[in-house]
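Down below is the structure, laid out as structure tokens.
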Amino acid sequence: MSFYCGIDLGTTNSTLSVIDIARRSDKPMQKLKTIPIYQFDKDFNGINKSLTSLPSYLFFDVDKNRVYTGEYAKDIYVHGDRPLQTVTAVKTRIGTDSVVEIPSIATDKKEQFDMTQCSAFLLKTIMDSFKAQHEGQEIINVVITVPAAFSTDERVATVNAALLAGFREPKILDEPTATLLYYINGGDGIIREDSFIKDESNILVYDLGGGTLDVCIAKVYLDDNGDVTIDIISRSPREDFGGNDFDQRLGAYILYDWEKARASIETRSKEDQNAIISRIVSHAEAAKIEMSDFIWDNLDDPKRLQRRKKSFSFEVMAKMKADISLNKEILDTIYLPLTEPHGRLLKPVKQCLGEANLDKDQIDQVILTGGMTKY
Numbered sequence: 262m263s264f265y266c267g268i269d270l271g272t273t274n275s276t277l278s279v280i281d282i283a284r285r286s287d288k289p290m291q292k293l294k295t296i297p298i299y300q301f302d303k304d305f306n307g308i309n310k311s312l313t314s315l316p317s318y319l320f321f322d323v324d325k326n327r328v329y330t331g332e333y334a335k336d337i338y339v340h341g342d343r344p345l346q347t348v349t350a351v352k353t354r355i356g357t358d359s360v361v362e363i364p365s366i367a368t369d370k371k372e373q374f375d376m377t378q379c380s381a382f383l384l385k386t387i388m389d390s391f392k393a394q395h396e397g398q399e400i401i402n403v404v405i406t407v408p409a410a411f412s413t414d415e416r417v418a419t420v421n422a423a424l425l426a427g428f429r430e431p432k433i434l435d436e437p438t439a440t441l442l443y444y445i446n447g448g449d450g451i452i453r454e455d456s457f458i459k460d461e462s463n464i465l466v467y468d469l470g471g472g473t474l475d476v477c478i479a480k481v482y483l484d485d486n487g488d489v490t491i492d493i494i495s496r497s498p499r500e501d502f503g504g505n506d507f508d509q510r511l512g513a514y515i516l517y518d519w520e521k522a523r524a525s526i527e528t529r530s531k532e533d534q535n536a537i538i539s540r541i542v543s544h545a546e547a548a549k550i551e552m553s554d555f556i557w558d559n560l561d562d563p564k565r566l567q568r569r570k571k572s573f574s575f576e577v578m579a580k581m582k583a584d585i586s587l588n589k590e591i592l593d594t595i596y597l598p599l600t601e602p603h604g605r606l607l608k609p610v611k612q613c614l615g616e617a618n619l620d621k622d623q624i625d626q627v628i629l630t631g632g633m634t635k636y
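Residue numbers for the sequence shown follow my numbering, so the first one is 262 and each next one is one higher.
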């Protein structure tokens, strides 16, 4: 049996999908499945074997020479308990000179880690999880998706992280191309009709994830035999922008409201500042997701959508809570600099259309992917 594996190494979450081919007659898409990634649960009570996504968070315990990834590390970050020992958003810094210095909790000891090493810890968790579910077999045929605008340095760093994690022959695939291939092959469960692609179609892929925004336009050709050829005719430049930016913007709004009755957090220690920010931004993300679901459920009732508010309350510091009320109008105002016609959401679309020398009316289909596109 041969295993072919694909890893979505995300800014916020990472996943592992597997195709196992036993016979030549096996149809790959029918064999495709996303498998669990074993990791410590958020209470550190044991290994959770049901989670199919690995939160891309790390917690370093340099005293015990241990690194924890996933749900447990994210929970520590969310609660702000060890702000100087937790790391996130590795993907947006890989391939650069970015280094994190992790201080000991109990001593003066400090250790440094670059983003290739941090990424390798996440990938090692994925590798170990696969081996635990497949009798110790190693992953050889693996593809890791990266933003189309990743530089050579960023791609090399990602490959090096995979090699460091124990993968033998990692391959790199651009995320928009992966999305397009998945869509064309009916990976979303929709049976395609022959007419869904004309002899020549212009398809725009818009990929907005946790920390990166990728836009590309592909010219897709269908020949007489039904075979498909994909030609990427334009792609957006590097854009470190995604759901994290929305979380931080909403977090800044919450922090501003919280500081009205208190001294600025700048009067506090560095550790307290980091703890406050991590708690507020994490709860801002949760509020954004809940509001997104609320908006989705009420799109057919605009008046109710504008009128009804949802309240959110959480503890920022001991006995000091943040209380906030949101509705769609408030949220739209907070996010307006990002969503306006000249904002960062639409800028790469216009750049891609210009590079491809196309008008928006010449785009036959638009594919949205990435967790933030639901919002």
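For each residue, glycine too, the CB sits at the ideal point set by N, CA and C.
Can you grab the Cα-Cα spacing for the pair V328 / R496, in whole Å? Distance between V328 and R496, taken at the CA atoms: about 36 angstroms.
Taking 6 angstroms as the limit between beta carbons, can you name the residues of its chain near K335, skipping five residues before and five after? These residues qualify, in order along the chain: P316, Y318.
Exposed or buried, Y299, counting other C-beta atoms within 10 Å across all chains shown (16 or more means buried)? Y299 counts as buried, since at least 16 other C-beta atoms from the protein chains shown sit within 10 angstroms of its C-beta.
Beta strand (DSSP E) containing A350: first to last residue? Note, A350: premise wrong, no beta strand (DSSP E); not H, not E.
Check I607 in the structure and name its three-state DSSP category. It is worth fixing the name first, because residue 607 is Leu in this sequence and not Ile. It is coil, neither helix nor strand.
Spatial neighbours of N421 within its chain, please: C-beta separation below 7 angstroms, excluding the five flanking residues on both sides. Once the five neighbours on either side are set aside, the close Cβ partners of N421 are T377.
Per DSSP, the bridge partner or partners of I308: DSSP output for I308 lists F301 as bridge partner(s).
Answer yes if the stretch 525–538 comes into contact with the stretch 488–504, meaning at least three C-beta pairs across the two stretches below 8 angstroms, and no otherwise. The answer is no - the stretch 525–538 does not touch the stretch 488–504, with fewer than three Cβ pairs under 8 angstroms.
For K564: DSSP bridge partner residues: Under the DSSP definition of a beta bridge, K564 lacks any partner.
Nonlocal neighbours in the same chain, by C-beta distance under 7 angstroms from E436, ignoring five residues either side: Cβ neighbours of E436 within its own chain (closer than 7 angstroms, five residues either side excluded): T406, V407, P408, A409, D468, D475.
DSSP state of L384 mapped onto helix, strand, coil: Three-state DSSP puts L384 in a helix.
Let me know if V360 comes out buried or exposed under the rule of 16 or more other beta-carbons within 10 Å of its beta-carbon. Under this definition V360 is an exposed residue.
DSSP three-state assignment for Q398, whether helix, strand or coil: DSSP, read as helix, strand or coil, puts Q398 in coil.
What separation, rounded to the nearest whole angstrom, lies between the Cα atoms of P289 and D375? C-alpha separation (whole angstroms): 37 angstroms.
Is the distance from the Cβ of T347 to the Cβ of Y333 below 7 angstroms? The answer is no: Cβ separation not under 7 angstroms.
Look up D573 in the DSSP assignment and give the residues it is bridged to. As written in the sequence, residue 573 is Phe, which differs from the Asp given in the question. According to DSSP, which records beta bridges pairwise, F573 is partnered with I585.
For H237 and K571, I'd like the C-alpha separation in whole angstroms. Nothing can be reported for residue 237: it is not among the residues displayed for the chain, which extend from 262 to 636.
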